[in-house]
Amino acid sequence: MAILVFVEVAEGKIRKSSLEAVCYAQAMGDSVTAIVLGPADAAEVKSLGNYGAKKVLHAADPKLEKPIIQVYTSVLTKAMEDEKADILVLANSSLGTPVAAKVAIKTGASFAANVVELPNTSAGFVVKRSIYTGKAFSLVELKNAKKVIAIKKNAAEAKETGGAAEVVNYSVTLSDADFNTTILSSEKATGDILLPEAEIVVSGGRGLKGPEHWAILEDLAKTLHAATGCSKPVSDMGWRPHHEHVGQTGVKVAPQLYIAIGISGAIQHLAGVNSSKCIVVINKDADAPFFKAADYGIVGDAFDVVPKLTAAIKAANG
Amino acid sequence: MKILVCISHVPDTTSKINFVDNNTKFDSSGVQFIIGPYDDYALARAIEIKEATPGTTVTVLNVGLADTEPTIRKALAIGADDAIRVNAEPTDSFFVATQIAEHAKGYELVLMGRESIDYNSGVVHAMVGEMLGLPSASPVMKLDIDGTKVKMTIEIEGGKEEVEANLPLVAGCQEPIAEWKIPNMRGIMSARTKPLKVVEPKATEATTLLQKFELPPPKGAVQMISSDNVAELVTKLKNEAKVL
Ligand SMILES: Cc1cc2nc3c(=O)[nH]c(=O)nc-3n(C[C@H](O)[C@H](O)[C@H](O)COP(=O)(O)OP(=O)(O)OC[C@H]3O[C@@H](n4cnc5c(N)ncnc54)[C@H](O)[C@@H]3O)c2cc1C
Ligand SMILES: Nc1ncnc2c1ncn2[C@@H]1O[C@H](COP(=O)(O)O)[C@@H](O)[C@H]1O
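The listed protein sequences derive, respectively, from chains L and E.
According to numbering that gives the first Met the number 0, the first sequence is numbered sequentially starting from 0.
According to numbering that gives the first Met the number 0, the second sequence is numbered sequentially starting from 0.
This is the structure:
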């Protein structure tokens with residue numbers, strides 16, 4: 000069974016979530032081919048071998064630099080055919096998920112998104128999906144011979160295997176009709192740690208009282224190499240950008256550590272953080288519901304506790 | 000212009016999720032059902048466009064059994080003109096997309112939510128787009144129509160994109176595309192007599208099969224740490240939780 004993995008590149012670097020996708024495919028125990036679309040650094044492309052890809056197709060065509068969903072769909076469909084791949088694996092993302100769904104339609108594949116662990120192939124091909132915004136899982140059999148799987152963060156660990164890949168320049172024929180949307184401009188926080196991929200997230204709520212108080216939170220985040228998040232009212236009021244809003248109607252995060260500061264812990268907020276490995280809550284109200292969902296809690300004023308925490312981490316790191 | 004808004008009928012965001020029949024069925028006892036919160040944004044934007052563009056009609060579509068009708072009536076009360084219910088259990092994204100694609104031909108704009116809050120796949124819009132050969136975009140935070148052109152702001156990881164496409168188009172919506180609308184008394188009264196057509200589903204071969212549901216393991220008790228002893232938290236995060 001040959002597996003194709005779509006690998007996303009951002010700012011010239013391979014996305015960590017895509018490394019997880021390559022490792023996921025490798026752990027399925029089959030021959031893994033990765034595909035990179037658009038210009039990318041040669042050493043980065045080659046490094047996919049170190050995560051388990053045997054072969055990497057690189058379509059460096061500059062027309063692929065801006066990710067047009069329909070164009071990527073056609074290229075991946077063709078690549079599955081060329082590689083005789085039965086399975087396409089990729090990481091859930093604003094680009095990857097719709098592309099995966101479209102490839103599934105084009106190839107007649109069974110499809111599942113938000114897959115959280117390796118498939119169980121002891122009887123059929125069964126994947127476990129996260130549903131109800133992390134409040135439950137479903138076990139779903141993918142019945143068709145072809146399968147497309149979009150994985151959630153932490154479905155596999157991005158582990159170096161020490162392997163090497165053969166890199167092949169993959170030439171593509173693009174159809175004008177596929178350029179059915181035009182990206183006029185994009186505005187992207189550069190250099191920051193992306194919230195959906197972050198291992199540590201420091202998140203603030205209405206308890207911080209105003210955007211001018213975010214400095215203590217950013218200091219903590221910087222010390223921890225963490226991404227920053229917020230509750231919905233905070234982004235609604237424009238204290239923080241919309242893409243930082245965590246929860247049911249925002250970003251779902253799955254970090255090792257989630258630190259919630261001045262957030263009450265409404266069920267809709269918890270829905271976005273319940274895949275975190277460890278949750279720390281700092282709130283001045285001992286009855287805040289968030290403590291019930293936490294691993295560690297500190298009752299106290301954020302303006303007092305957060306700077307002390309930052310200092311304690313700095314001290315511990317020497 | 001003709002707009003189709005696809006709405007899911009889902010448990011309220013505060014619902015406790017439980018399963019029955021050996022974990023093969025959702026336990027709907029005591030659960031309040033709502034229009035999917037993202038689908039509510041799609042509906043609100045459709046109504047805004049209708050109000051600003053004379054001659055626009057808004058049809059809502061749901062794939063669901065008869066128990067979804069109160070949710071569909073609510074969408075009519077908010078301002079949709081008529082409704083279609085495809086009389087079938089929405090078993091998976093592919094099935095739902097197949098049914099929507101059957102009815103979406105002839106609409107210039109097909110609006111959906113960015114994702115349903117039960118299946119959470121965020122893919123039905125992409126699938127419908129692929130089935131009908133139309134462009135699709137999601138999650139759309141702003142959508143303006145100018146003639147046959149549509150300008151959109153789309154959220155991407157860590158930022159946003161300005162995107163342009165031509166009608167007809169399929170879009171998955173999220174805030175702040177429009178303000179949620181609350182039905183008024185006149186809306187509720189008129190919704191009762193607005194047309195709600197029930198159609199039987201198109202036969203399709205299932206591509207996935209649900210085996211069972213699972214709940215996450217229960218969370219252990221919280222350890223409280225004094226605000227005077229923040230260093231202890233750091234030690235525990237390092238040595239006990241091993242996350243630093
Ligand atoms: C359909 C729907 C979807 C929603 N989706 C989301 C979502 O995706 N994400 C989301 O976050 N919300 C969502 N909400 C809103 C949610 O219900 C809550 O209103 C919101 O999460 C509350 O935000 P908050 O905790 O920042 O504010 P509050 O509830 O006001 O809590 C502020 C907290 O700060 C504490 N505090 C105050 N001062 C201090 C201080 N000096 N130091 C320490 N602590 C302090 C208070 O004790 C309190 O617990 C949704 C709601 C609905 C109806
Ligand atoms: N049963 C349904 N009936 C009508 N529309 C639906 C249904 N399920 C999902 N949708 C639409 O498809 C969008 C994406 O759903 P999903 O791909 O399941 O996350 C939702 O926000 C709805 O607009």
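Heads up, the beta-carbon is just placed ideally off N, CA and C, and yes, glycines get one too.
Taking the continuous alpha helix (DSSP H) assigned at residue i, which residues delimit it?
i              : result
I187 (chain E) : M184 to A190
L223 (chain L) : W213 to L223
G95 (chain L)  : G95 to T106
F289 (chain L) : From DSSP, F289 (chain L) is part of no alpha helix (DSSP H); its letter is neither H nor E.
R113 (chain E) : No alpha helix (DSSP H) contains R113 (chain E), which DSSP labels as neither H nor E.
H268 (chain L) : I266 to L269
L42 (chain E)  : P36 to A51
Q69 (chain L)  : I68 to D81
V119 (chain L) : Inspection of the sequence shows that residue 119 (chain L) is occupied by Asn rather than by Val. Segment: none, N119 (chain L) is in no alpha helix (DSSP H) and carries neither H nor E.
A377 (chain L) : In the structure displayed, chain L extends from 0 to 317; residue 377 (chain L) sits before or after that span and is not available.
L168 (chain E) : Where L168 (chain E) is concerned, there is no enclosing alpha helix (DSSP H), although the beta strand (DSSP E) it sits in stretches over L168 to C172.
Over the uninterrupted beta strand (DSSP E) stretch that includes residue i, give me the two end residues.
i              : result
P138 (chain E) : S135 to D145
M151 (chain E) : K148 to I155
F110 (chain L) : S109 to V114
N282 (chain L) : C277 to N282
V31 (chain L)  : S30 to L36
H57 (chain L)  : K54 to A58
E213 (chain E) : T207 to E213
H8 (chain E)   : H8 to P10
What I want to know is whether the C-beta of residue i ends up closer than 7 Å to one or more non-hydrogen atoms of ligand 4.
i              : result
G246 (chain L) : With respect to small molecules bound, the structure shown includes ligand 1 and ligand 2 and not ligand 4.
Quick one: does the C-beta of residue i sit closer than 7 Å to a heavy atom of ligand 1?
i              : result
N282 (chain L) : yes
T12 (chain E)  : yes
I144 (chain E) : no
F302 (chain L) : yes
K101 (chain L) : no
K231 (chain L) : yes
I262 (chain L) : yes
P306 (chain L) : no
P36 (chain E)  : yes
A265 (chain L) : yes
Flag residue i as yes when its Cβ comes closer than 7 Å to any non-hydrogen atom of ligand 2, and as no otherwise.
i              : result
C5 (chain E)   : yes
R113 (chain E) : yes
L60 (chain E)  : yes
H102 (chain E) : no
S135 (chain E) : no
N246 (chain E) : Because chain E here runs from 0 to 243, residue 246 (chain E) falls outside it and cannot be looked at.
G128 (chain E) : no
A41 (chain E)  : yes
I99 (chain E)  : yes
V125 (chain L) : no
S92 (chain E)  : yes
P89 (chain E)  : yes
Output, in chain order, the set of chain L residues within a Cβ distance shorter than 7 Å of residue i.
i              : result
F93 (chain E)  : F110
D117 (chain E) : I130 and Y131
E161 (chain E) : L183 and S184
P134 (chain E) : Q69, N179 and T180
S27 (chain E)  : By Cβ distance, chain L contributes nothing, its closest Cβ being about 13 Å from S27 (chain E), past 7 Å.
K218 (chain E) : A292
Kindly list, in the order they appear in chain L, the residues whose Cβ is closer than 8 Å to that of residue i.
i              : result
E129 (chain E) : T72, A100, K101, I104 and K105
K49 (chain E)  : Chain L residues near K49 (chain E): none, gap ~24 Å exceeds 8 Å.
A164 (chain E) : N179, T180 and T181
I16 (chain E)  : Y131, K134 and A135
Which residues in chain E have a C-beta closer than 8 Å to the C-beta of residue i? List them in chain order.
i              : result
F136 (chain L) : F212, E213, L214 and P215
I312 (chain L) : V233 and L243
I86 (chain L)  : Neighbours of I86 (chain L) on chain E: none; closest Cβ ~14 Å, over 8 Å.
For residue i, return the contacting residues in chain E, with the cut-off set at a CB-CB distance below 7 Å.
i              : result
D191 (chain L) : G157
V304 (chain L) : S226 and V229
Would you mind telling me which residues of chain E sit closer than 9 Å to residue i, beta carbon to beta carbon, in chain order?
i              : result
P210 (chain L) : Within 9 Å Cβ-Cβ: nothing; P210 (chain L) doesn't reach chain E, min ~17 Å.
For a contact defined as C-beta to C-beta under 9 Å, what are the partners of residue i on chain L?
i             : result
P89 (chain E) : What P89 (chain E) touches in chain L: nothing, since even the nearest Cβ is about 13 Å away.
Is the segment 109-116 of chain L touching the segment 49-65 of chain L in the sense that three or more CB pairs, one from each, lie closer than 8 Å? No, the segment 49-65 of chain L does not touch the segment 109-116 of chain L.
Looking at C-beta atoms only, is the number of pairs between the segment 242-260 of chain L and the segment 268-280 of chain L that lie closer than 8 Å three or more? yes
Count the CB pairs spanning the segment 143-159 of chain E and the segment 91-104 of chain L that are closer than 8 Å, and state whether there are at least three. Result yes; three or more Cβ-Cβ pairs closer than 8 Å.
Is it the case that the segment 111-126 of chain E contacts the segment 18-38 of chain E, given that we only count it when at least three CB pairs across the two stretches are under 8 Å? yes
Counting pairs of beta carbons, one from the segment 226-234 of chain E and one from the segment 303-311 of chain L, are three or more of them closer than 8 Å? yes
contact_flag[the segment 221-230 of chain L, the segment 153-168 of chain L] where n(CB pairs < 8 Å) is 3 or more: no
Touching or not, the segment 16-35 of chain E and the segment 142-151 of chain E, by the rule of three or more beta carbon pairs under 8 Å? no
Contact between the segment 99-111 of chain L and the segment 135-154 of chain L: three or more CB pairs below 8 Å? yes
Quick check: the segment 190-204 of chain L against the segment 176-188 of chain E, are at least 3 beta-carbon pairs closer than 8 Å? No, they do not touch.
Quick one: which residues of the segment 222-242 of chain E get their C-beta closer than 8 Å to a C-beta of chain A? List them in chain order. The displayed structure is made up of protein chains L and E, and chain A is not among them.
Looking at C-beta atoms only, is the number of pairs between the segment 169-185 of chain L and the segment 235-242 of chain L that lie closer than 8 Å three or more? In short, these stretches do not touch, since the Cβ pair count stays below three.
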